[in-house]
Amino acid sequence: MKSKNTSQQFETYLGVDLGDKKHHICATDKHGVILKEFTITNDRAALRKLCEDYPKGAVALEVGTHSPWISRFLIAEGMHVTVANARKLRAIYQNDRKCDRFDAQMLAKLLRADPDLLSPIQHGSEQAQKDLVAIKIRDSLVRQRTHIVATVRGVIKSMGLRIPASSTESFHLNAGKFLTEHPALEPAITPALKSLESLTGQIKVYENEIQKSAREHHPQALKFQQIPSIGPITSMAFVLSIEDPNRFKDPRDVGAYLGLVPRRDQSGGSDKQLSISKAGNRYLRQLLVQCAQYLLGHFGPDCALREQGLKLAGKGGRAAKKKAVIAIARKLAVMMIAMWQKGGDYQAFPERTKDKSAPASKPSSKTTSKTPSKPSSKRAA
Numbered sequence: 220m221k222s223k224n225t226s227q228q229f230e231t232y233l234g235v236d237l238g239d240k241k242h243h244i245c246a247t248d249k250h251g252v253i254l255k256e257f258t259i260t261n262d263r264a265a266l267r268k269l270c271e272d273y274p275k276g277a278v279a280l281e282v283g284t285h286s287p288w289i290s291r292f293l294i295a296e297g298m299h300v301t302v303a304n305a306r307k308l309r310a311i312y313q314n315d316r317k318c319d320r321f322d323a324q325m326l327a328k329l330l331r332a333d334p335d336l337l338s339p340i341q342h343g344s345e346q347a348q349k350d351l352v353a354i355k356i357r358d359s360l361v362r363q364r365t366h367i368v369a370t371v372r373g374v375i376k377s378m379g380l381r382i383p384a385s386s387t388e389s390f391h392l393n394a395g396k397f398l399t400e401h402p403a404l405e406p407a408i409t410p411a412l413k414s415l416e417s418l419t420g421q422i423k424v425y426e427n428e429i430q431k432s433a434r435e436h437h438p439q440a441l442k443f444q445q446i447p448s449i450g451p452i453t454s455m456a457f458v459l460s461i462e463d464p465n466r467f468k469d470p471r472d473v474g475a476y477l478g479l480v481p482r483r484d485q486s487g488g489s490d491k492q493l494s495i496s497k498a499g500n501r502y503l504r505q506l507l508v509q510c511a512q513y514l515l516g517h518f519g520p521d522c523a524l525r526e527q528g529l530k531l532a533g534k535g536g537r538a539a540k541k542k543a544v545i546a547i548a549r550k551l552a553v554m555m556i557a558m559w560q561k562g563g564d565y566q567a568f569p570e571r572t573k574d575k576s577a578p579a580s581k582p583s584s585k586t587t588s589k590t591p592s593k594p595s596s597k598r599a600a
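Position one of the sequence shown corresponds to residue 220 (the numbering used here), numbered consecutively onward.
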């Protein structure tokens, strides 16, 4: 909403506290007087009835599991919807006796007073949400596989044995060979290895589908894969989560959007630098951190980002290394936004590229003396 003076634009303001089965609603008039408090079921018929009872009203609801589809539905029905940032909202009206009715009241009152107090967030499109399903399901399968591998290794170690090191993808094969030498463990371990084999196959199917989607529908994701450590999963997650790069006036703003900037506690003469805010998309932030860790690791290719990160990591011990990883994760996000906005390609050493493309300096235009200078007695080196 562009105007803060919402009382002149809407006759009714609805605060909707979303639930899984039902929603608590508080309706106020333009003067802030509560008109009605009630609940509705979580379905499209009840939401459509709400829109009919309060046509073209202003609605505030907190971000949550159901907020993407509900906000889109209400907007399509002609309502003006503001999706509140729940994390920042709690700091405003945190109460020791929290209840859904009170939350709905506060949403309506804050919306009427100034929607900026709700720290509005912008949901992605329905298509982007659908495309993200494959990425999220794949992530769930990867975590299941990791848990099974850790469990199998743990129980084997507790018996004084050890399965030789291998990649997660080939663990079921490696562990299968190990069991041939310890047949007594086969009845307990073999079913888990079969599950691992199945999970690995399913993960591969999702990865192929994600890469296919990038080729056919999201060419920008392919461009991002020019950057070392940025693969199909991270590039697609970034494109689908951001959607519009021009939402950031400055590419560096994406760092705060993804929670990769330090929190601040400033009061009087004290100005504490705290850990990162961890706001925004947690999964995308984790992916960027993993990419940064690879870039700064033993197999990271030589590039300007790696040089900067290693320089930061060399300033101290373990804490400095963690700060370096976060800094590089943030720089990766900034780089992708800049590439997206300007339409350029990845440059491993952008400063060197600038130096090569810079025009040669022109000779001075100052006129020299017509009198020839005397030859120097010294030879040129």
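Cβ atoms here follow ideal geometry from the backbone N, Cα and C, with glycine treated the same way.
Inter-residue Cα distance where the pair is residue i and residue j
{"i": "Glu405", "j": "Ser414", "result": "14 Å"}
{"i": "Gln439", "j": "Ala303", "result": "30 Å"}
{"i": "Ile495", "j": "Gly478", "result": "6 Å"}
{"i": "Met455", "j": "Gln228", "result": "39 Å"}
{"i": "Met558", "j": "Leu506", "result": "19 Å"}
{"i": "Glu416", "j": "His366", "result": "14 Å"}
{"i": "Lys181", "j": "Ala327", "result": "Outside the displayed span of the chain (220 to 600) sits residue 181, for which this structure offers no information."}
{"i": "Gly519", "j": "Lys491", "result": "33 Å"}
{"i": "Ala567", "j": "Ala523", "result": "6 Å"}
{"i": "Gln421", "j": "Ile429", "result": "12 Å"}
{"i": "Ala323", "j": "Lys497", "result": "26 Å"}
{"i": "Arg357", "j": "Glu426", "result": "8 Å"}
{"i": "Ile253", "j": "Leu351", "result": "39 Å"}
{"i": "Ser448", "j": "Thr301", "result": "37 Å"}
{"i": "Ser226", "j": "Leu337", "result": "Here Ser226 scores only 42 on pLDDT, less than 50, and its place in the model should not be relied on; the value that follows carries that caveat. Computed Cα separation, rounded: 16 Å."}
{"i": "Ala403", "j": "Arg263", "result": "56 Å"}
{"i": "Lys241", "j": "Ser344", "result": "24 Å"}
{"i": "Glu435", "j": "Leu269", "result": "40 Å"}
{"i": "Ile452", "j": "Tyr476", "result": "20 Å"}
{"i": "Cys510", "j": "Gly251", "result": "49 Å"}
{"i": "Asp521", "j": "Arg571", "result": "13 Å"}
{"i": "Ile260", "j": "Asp463", "result": "Correcting the residue identity first, residue 260 is Thr in this sequence and not Ile. If you take the alpha carbons of Thr260 and Asp463, they lie about 34 Å apart."}
{"i": "Cys245", "j": "Leu459", "result": "34 Å"}
Buried/exposed call for residue i, threshold 16 Cβ in 10 Å
{"i": "Cys318", "result": "exposed"}
{"i": "Lys442", "result": "buried"}
{"i": "Arg482", "result": "exposed"}
{"i": "Val282", "result": "buried"}
{"i": "Tyr232", "result": "buried"}
{"i": "Phe257", "result": "exposed"}
{"i": "Arg501", "result": "exposed"}
{"i": "Met378", "result": "exposed"}
{"i": "Ala539", "result": "exposed"}
{"i": "Thr613", "result": "Because the chain in this structure spans residues 220 to 600, residue 613 falls outside the shown range and cannot be described."}
{"i": "Gly450", "result": "buried"}
{"i": "Val424", "result": "exposed"}
Residue i, DSSP secondary structure in three states
{"i": "Gln552", "result": "What sits at residue 552 in the sequence shown is Ala, not Gln. Helix at Ala552."}
{"i": "Cys245", "result": "strand"}
{"i": "His391", "result": "helix"}
{"i": "His299", "result": "strand"}
{"i": "Ala332", "result": "helix"}
{"i": "Ile294", "result": "helix"}
{"i": "Ile289", "result": "helix"}
{"i": "Asp236", "result": "strand"}
{"i": "Thr231", "result": "strand"}
{"i": "Ile547", "result": "helix"}
{"i": "Leu477", "result": "coil"}
{"i": "Ile253", "result": "strand"}
{"i": "Ile446", "result": "coil"}
{"i": "Met378", "result": "coil"}
{"i": "Gly373", "result": "helix"}
{"i": "Asn500", "result": "coil"}
{"i": "Ile408", "result": "helix"}
{"i": "Cys318", "result": "coil"}
{"i": "Lys349", "result": "helix"}
{"i": "Phe397", "result": "helix"}
{"i": "Asn304", "result": "coil"}
{"i": "Val458", "result": "helix"}
{"i": "Lys468", "result": "coil"}
{"i": "Ala538", "result": "helix"}
Residues sharing a beta bridge with residue i, DSSP
{"i": "Gln492", "result": "Arg483"}
{"i": "Ile259", "result": "His242"}
{"i": "Asn277", "result": "For clarity, residue 277 is Ala in the given sequence; the question names Asn instead. Paired residue(s): Tyr232, His299."}
For residue j and residue i, believed in contact at Cβ under 8 Å, the rounded distance
{"i": "Ala279", "j": "Val235", "result": "7 Å"}
{"i": "Leu418", "j": "Leu360", "result": "5 Å"}
{"i": "Ala552", "j": "Gly474", "result": "6 Å"}
{"i": "His285", "j": "Leu237", "result": "5 Å"}
{"i": "Arg372", "j": "Thr387", "result": "About 11 Å separates the two Cβ atoms, so there is no contact after all."}
{"i": "Gly297", "j": "Pro334", "result": "With 8 Å as the limit, Gly297 and Pro334 do not qualify as a contact, their Cβ atoms being about 18 Å apart."}
{"i": "Lys249", "j": "Glu271", "result": "Not a contact, Cβ separation roughly 20 Å."}
{"i": "Leu398", "j": "Ile408", "result": "6 Å"}
{"i": "Ala532", "j": "Leu515", "result": "7 Å"}
{"i": "Ile547", "j": "Gly528", "result": "4 Å"}
Neighbour flag for residue i against chain C, beta carbons, 7 Å
{"i": "Tyr513", "result": "Structure shown: chain C not included; a single protein chain is present."}
Proximity test, residue i beta-carbon vs the ligand GTP heavy atom, cut-off 6 Å
{"i": "Ile340", "result": "You won't find the ligand GTP in this model; it holds no ligand whatsoever."}
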